[in-house]
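Under the working numbering, the residues of the sequence shown are numbered 56 to 804, in order.
Presented below is the structure to which this report refers.
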Amino acid sequence: MKKHYFLLPTGLLATILSCLTSYLYIIIIGLGILMIAISKKKHTIISVIIFILWIILINYYISTQKNQRLSIINQYPTSKQTQFTGTLTYHHQNKIIITIKEGFQIRGFLPKKHTYKLQLGDTVSINGSYTKPSIASNPGQHNKLTYALYHKKIGTITIKTIKTIKKGSPFNSHYMCFKVKEYIIKQHQKSMTDPHATIYSALIFGENYSELDHKSKQLFKKAGLIHAIVVSGSQVSLVLGLCHIILNGLGLYRHYQLIILIPISIFFYILTGGGESVLRAILMAKLMFILKFGFGYKSSPLHVISLTALIMFLIDPFIIYKMGAILSFLATFSLVFGTDIIQKKLPHHLPKIIKNILSIGMAPWLFTTPLLILKFHSLPLGSLISNILLINIIEIIVLLGFAATCLGIICFPLALLIHQVSWLCIQIIIIVSNEVSSLPLSDIPINHHNLNTCLFLLATWVVFKTNYTLKTKTYSCIGLILIGMNIYYFQYHRTAIITHLDIGQGDATLIKTNQLTCLIDTGPPYDKRLGSITYNVLLPALRYYGIRQLDLLIITHFDKDHAGNLKSLLANIPIKTILHNGNLTNYLNKHKLTIPKNTHEETVCNQNELNYKTLQFKFLNPCQHPHQTNKNNQSLVFKLTKHPYSILFTGDIEEQTEYTLLKNNLPDLKSTLLKVGHHGSKTSTNKLFLKSVTPQQSIISAGKNNRYNHPHSSVISKLKHYGKIWRTDQAGAIIIKLSKTLSIQSFLN
Numbered sequence: 056m057k058k059h060y061f062l063l064p065t066g067l068l069a070t071i072l073s074c075l076t077s078y079l080y081i082i083i084i085g086l087g088i089l090m091i092a093i094s095k096k097k098h099t100i101i102s103v104i105i106f107i108l109w110i111i112l113i114n115y116y117i118s119t120q121k122n123q124r125l126s127i128i129n130q131y132p133t134s135k136q137t138q139f140t141g142t143l144t145y146h147h148q149n150k151i152i153i154t155i156k157e158g159f160q161i162r163g164f165l166p167k168k169h170t171y172k173l174q175l176g177d178t179v180s181i182n183g184s185y186t187k188p189s190i191a192s193n194p195g196q197h198n199k200l201t202y203a204l205y206h207k208k209i210g211t212i213t214i215k216t217i218k219t220i221k222k223g224s225p226f227n228s229h230y231m232c233f234k235v236k237e238y239i240i241k242q243h244q245k246s247m248t249d250p251h252a253t254i255y256s257a258l259i260f261g262e263n264y265s266e267l268d269h270k271s272k273q274l275f276k277k278a279g280l281i282h283a284i285v286v287s288g289s290q291v292s293l294v295l296g297l298c299h300i301i302l303n304g305l306g307l308y309r310h311y312q313l314i315i316l317i318p319i320s321i322f323f324y325i326l327t328g329g330g331e332s333v334l335r336a337i338l339m340a341k342l343m344f345i346l347k348f349g350f351g352y353k354s355s356p357l358h359v360i361s362l363t364a365l366i367m368f369l370i371d372p373f374i375i376y377k378m379g380a381i382l383s384f385l386a387t388f389s390l391v392f393g394t395d396i397i398q399k400k401l402p403h404h405l406p407k408i409i410k411n412i413l414s415i416g417m418a419p420w421l422f423t424t425p426l427l428i429l430k431f432h433s434l435p436l437g438s439l440i441s442n443i444l445l446i447n448i449i450e451i452i453v454l455l456g457f458a459a460t461c462l463g464i465i466c467f468p469l470a471l472l473i474h475q476v477s478w479l480c481i482q483i484i485i486i487v488s489n490e491v492s493s494l495p496l497s498d499i500p501i502n503h504h505n506l507n508t509c510l511f512l513l514a515t516w517v518v519f520k521t522n523y524t525l526k527t528k529t530y531s532c533i534g535l536i537l538i539g540m541n542i543y544y545f546q547y548h549r550t551a552i553i554t555h556l557d558i559g560q561g562d563a564t565l566i567k568t569n570q571l572t573c574l575i576d577t578g579p580p581y582d583k584r585l586g587s588i589t590y591n592v593l594l595p596a597l598r599y600y601g602i603r604q605l606d607l608l609i610i611t612h613f614d615k616d617h618a619g620n621l622k623s624l625l626a627n628i629p630i631k632t633i634l635h636n637g638n639l640t641n642y643l644n645k646h647k648l649t650i651p652k653n654t655h656e657e658t659v660c661n662q663n664e665l666n667y668k669t670l671q672f673k674f675l676n677p678c679q680h681p682h683q684t685n686k687n688n689q690s691l692v693f694k695l696t697k698h699p700y701s702i703l704f705t706g707d708i709e710e711q712t713e714y715t716l717l718k719n720n721l722p723d724l725k726s727t728l729l730k731v732g733h734h735g736s737k738t739s740t741n742k743l744f745l746k747s748v749t750p751q752q753s754i755i756s757a758g759k760n761n762r763y764n765h766p767h768s769s770v771i772s773k774l775k776h777y778g779k780i781w782r783t784d785q786a787g788a789i790i791i792k793l794s795k796t797l798s799i800q801s802f803l804n
């Protein structure tokens with residue numbers, strides 16, 4: 056068996072390669088065929104053939120599984136009356152999870168004041184308004200459909216009725232785990248108040264266990280400590296280690312210990328809410344135990360990690376796409392192989408304990424950060440600081456908390472003393488996390504071009520640090536110069552990227568150039584399909600484009616669908632200037648808001664022009680609205696120009712203001728593109744106005760299946776005479792690139 060240990064990491068590598076994007080997949084296969092053609096060694100040819108066949112087989116297997124899962128999700132179209140039948144596996148307040156056929160889960164929301172008596176393990180039938188997982192329609196947005204596909208989630212349902220078909224046994228695993236969980240949470244809540252109690256439970260037994268509130272979760276996320284509330288090796292080692300000590304004390308043979316520990320591991324897995332990291336930790340522990348005491352093999356960590364990954368892949372082929380699983384394996388790999396390397400690189404005069412603290416904090420950060428940059432478009436520098444400062448304190452909390460929780464079953468007063476020490480440690484974590492997350496460079500946005508620059512600099516460093524020949528270095532330098540010129544062109548050439556975001560029924564347009572970052576309107580605060588617009592659309596889009604602050608926020612008018620996220624944006628990102636129609640003060644007073652001291656605000660109208668090098672804003676709306684009570688007709692109207700192209704933004708103006716504009720600003724209305732007024736309502740976009748603008752193409756921002764039936768068919772009929780019509784409800788975000796040429800593309804396509 057030892058002779059063939061290399062097959063484990065090789066098989067894992069082939070499995071990973073089989074999941075690459077199609078063009079990389081083809082390149083790998085092509086290189087393999089080339090190796091077969093030029094190789095003269097029979098052993099090499101056979102190895103490469105097996106390697107390629109494994110890649111093809113795994114790719115086919117994943118494709119088949121993906122189609123099967125997608126067909127199950129597609130069986131249930133979004134509807135106001137949909138019925139599901141399955142087993143109740145989760146219940147907290149008004150939230151439930153039902154497991155239906157093929158292991159798929161649906162999350163349900165009961166009425167807040169419901170009287171249903173439910174028990175985990177019950178077979179129930181639910182009926183209500185079902186929402187299918189949606190595909191990402193904006194840059195940087197979380198793809199709910201992909202997530203549902205990988206995690207076997209079928210969507211959400213607002214429950215109208217629920218009926219218990221069959222009562223579950225009080226001895227089923229889910230119910231027993233629920234009762235244990237309920238007791239432990241009560242013990243923690245008796246020891247300290249919230250949010251400390253829920254944070255305490257989350258650190259010991261995981262986030263799924265404690266129902267951590269949004270504010271605490273955001274704190275851990277901003278400080279880069281989200282991994283601390285995911286059950287992993289520490290907790291599993293504590294549980295299984297304690298069980299080993301007890302079983303050894305009872306004098307049981309190793310084989311009997313294994314038989315007892317397997318159901319304990321399964322119980323702990325369910326108790327903590329499951330998850331890839333806890334499964335990985337349990338499997339690794341069991342494999343090491345079996346290989347050592349069952350077969351007498353002294354296995355290396357690399358082989359155990361590889362075998363664990365392959366077993367998890369066989370259990371769930373989509374494990375390789377799950378961020379939690381990948382990060383868990385990377386962190387484990389870093390602690391096994393990275394800490395020693397880092398310790399050797401640290402100054403020799405440092406005490407060993409300091410080296411250990413630094414290496415344990417740095418290794419997981421170095422190994423996981425590249426993936427986090429690719430996924431979340433940000434460099435979490437704050438995470439490095441908080442991990443170095445707090446990782447050992449978190450380990451102490453896990454150790455003390457687990458011991459005190461077990462002790463609390465026998466003697467609560469004594470356990471309370473230990474819980475109070477843990478409370479002090481949690482207080483330190485909260486203070487340090489707040490300080491770290493408030494640092495100016497704790498989280499640096501990295502857009503695609505910045506990432507290319509980082510990779511270019513890394514490649515340059517590698518070329519000059521390696522012992523290549525002068526000839527090889529010369530060719531490498533020529534290649535790097537060409538790549539650098541390419542990056543420079545794409546990063547620094549004068550292109551304006553204008554993204555009309557899909558935010559449902561409302562407006563939000565993001566503009567990014569090398570000189571300016573601007574957001575026009577903020578959209579509504581919430582959309583049924585998209586959820587929170589600030590956290591699910593706006594902030595992810597800003598991160599995607601590497602935007603750390605907004606130079607301009609233009610609010611066309613203060614209706615909820617245009618200014619609904621002003622408060623949350625002010626709390627989450629610095630804004631230099633707010634331009635508005637004169638109603639900002641009224642809005643702030645009404646919503647009891649204040650703008651930061653560093654934020655300038657200004658009323659703009661047809662006497663104002665703003666120039667940002669190649670970009671010009673020319674405002675066309677009247678300066679005063681003496682007889683205008685309609686908020687829509689008080690919208691800012693402006694022309695954005697980047698020679699030779701222009702876009703006319705019209706807010707929610709209706710025909711009355713359109714005629715006013717025709718009277719006052721006729722020469723300035725002609726534009727290349729028209730951002731259609733009032734989401735395509737029939738009260739806007741009259742024929743004479745369209746004739747004056749003469750757009751080559753038009754953009755409409757409207758919600759999918761909105762209750763107003765925007766855009767109206769009569770408006771569509773008029774616009775058809777003026778080129779292509781782009782709609783956010785059909786195309787998702789609409790991305791316009793202005794340079795010497797004009798290009799428009801749909802994010803969904």
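Backbone N, C-alpha and C fix where the C-beta goes; we use that ideal spot for every residue, glycine too.
These numbers were taken from a predicted model, which means no experiment stands behind them.
When Cβ pairs closer than 8 Å are counted between the two stretches, the region 607–621 is seen not to touch the region 737–747, the count staying below three.
Annotated as distal: residue 783 and residue 790, with beta-carbon spacing of 8 Å or more. Excluding residues up to 5 positions away in sequence, 360 and 422 lie with their Cβ nearer than 7 Å to the Cβ of residue 388 in the same chain. Annotation: residue 656 to residue 606 spans about 12 Å, alpha carbon to alpha carbon.
For a cut-off of 8 Å, the C-beta gap from residue 705 to residue 673 is around 13 Å, too long to register as a contact.
Residue range 710–719 is occupied by the alpha helix (DSSP H) that includes residue 717. Taking C-beta separations shorter than 8 Å and ignoring five residues to either side along the sequence, residue 468 has no partners in its chain. For residue 229, the enclosing alpha helix (DSSP H) covers residues 228–246. Straight across, the Cα-Cα distance linking residue 780 with residue 198 is about 25 Å. Residue pairing for residue 164: DSSP places it in a beta bridge opposite 150 and 213.
The DSSP-derived three-state label of residue 678 is coil. By the criterion of at least three beta-carbon pairs nearer than 8 Å, the region 189–198 is not in contact with the region 148–156. Relative to the Cα of residue 559, the nearest Cα in the group 786, 204, 473 and 690 belongs to 786. Non-local beta-carbon contacts of residue 599 in its own chain, meaning distances under 6 Å to residues more than five positions away in sequence, involve 194, 195 and 432 in chain order.
By the beta-carbon neighbour count (other beta carbons within 10 angstroms, threshold 16), residue 141 is buried. Taking a 10 Å sphere around the C-beta of residue 456, we find 16 or more other C-beta atoms and assign the residue as buried. Here DSSP, grouped into helix, strand and coil, assigns residue 271 to helix.
Residues of the same chain with a CB within less than 6 Å of the CB of residue 124, apart from the 5 flanking positions on each side, are 204 in chain order. In the DSSP assignment, residue 635 forms a beta bridge with 658.
Around the beta carbon of residue 335, 16 or more other beta carbons sit within 10 angstroms, so the residue counts as buried. Between the alpha carbons of residue 227 and residue 309 lies a distance of about 28 Å.
Beyond the five residues adjoining it in sequence on each side, residue 727 comes within less than 6 Å, by CB distance, of 700, 701 and 751 in the same chain, given in chain order. If you draw a straight line from the Cα of residue 222 to the Cα of residue 231, it comes to about 15 Å. For residue 236, the closest alpha carbon among the candidates 315, 270, 145 and 293 is that of 145.
Annotated three-state conformation of residue 577 is coil, per DSSP. Counting along the chain, residue 597 sits inside no beta strand (DSSP E); it lies in the alpha helix (DSSP H) bounded by residues 594–599.
If you ignore the 5 residues before and after residue 646, its C-beta comes within less than 7 Å of the C-beta of 622, all in its own chain and listed in chain order. Put simply, the region 411–426 does not touch the region 577–586. Fewer than three CB pairs are less than 8 Å apart. The region 250–264 and the region 363–381 do not touch, with fewer than 3 CB-CB distances between them shorter than 8 Å. Listed as beta-bridge partners of residue 315 by DSSP are no residues whatsoever. Residue 785 sits in a helix when the DSSP states are folded into three classes. Residue 183: member of the beta strand (DSSP E) spanning 178–186, first to last residue. For residue 125, the enclosing alpha helix (DSSP H) starts and ends at 97–129. Pairing residue 460 with residue 287, the inter-Cα distance amounts to about 18 Å. Residue 383 is positioned such that its CB atom lies no closer than 8 Å to that of residue 279. Residue state for residue 174 is assigned as coil, using DSSP reduced to three classes.
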